[in-house]
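In the numbering used here, the protein residues as written are 9 to 120. Virtual Cβ for every residue (Gly too), placed ideally from N, Cα, C. Model, not experiment: these values are computed from the prediction. Written out below as structure tokens is the structure these notes cover.
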């Protein structure tokens, strides 16, 4: 098993980029509200990886005074994403109860 310290930073940036574009593609192409929520979570996870990677780039190996701002931003972002997911699932459940569908094109009837 490879220690995390030996993995090049560029690999993490490539992973983050892939997650971001998969999330954007899923959000744009899907019409299911749950799939769109999962795609949004992928984008937020890509941002979290970027916070941690740029913290590692800006403050490499400072043992006596660790700079953990990127990791704190990541933890804060995970907390916000959890709250956002809870609210979104509650909204999706209410929309499903009202319209008996979780498809976006059916929800456009709310405008009437």
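* Asked: Are residue 60 and residue 25 close, meaning C-beta to C-beta below 8 Å?
  -> Residue numbering aside, residue 60 sits at position 52 when the chain shown is read from its first letter. Residue numbering aside, residue 25 sits at position 17 when the chain shown is read from its first letter. No. Outside cutoff.
* To do: Mind checking who residue 58 pairs with in its DSSP beta bridge?
  => Sequence index remark: in the chain shown, residue 58 carries index 50 (1-based). Answer is none; residue 58 lacks a bridge partner.
* Asked: Between the stretch 100-111 and the stretch 22-42, do three or more beta carbon pairs fall short of 8 Å?
  -> yes
* In the DSSP assignment, find the alpha helix (DSSP H) that holds residue 18 and state where it starts and stops. => Counting from one through the chain shown, the residue named residue 18 turns up at place 10. 17-37 is the extent of the alpha helix (DSSP H) around residue 18.
* With a Cβ-Cβ cutoff of 8 Å, do residue 78 and residue 63 count as a contact? -> Counting from one through the chain shown, the residue named residue 78 turns up at place 70. Counting from one through the chain shown, the residue named residue 63 turns up at place 55. Their beta carbons are under 8 Å apart, which means residue 78 touches residue 63 by this criterion.
* **8 Å contact criterion, which residue 53 and residue 76 should meet: CB distance rounded** => Looking up residue 53 in the chain shown gives position 45. Looking up residue 76 in the chain shown gives position 68. That pair is no contact at about 19 Å.
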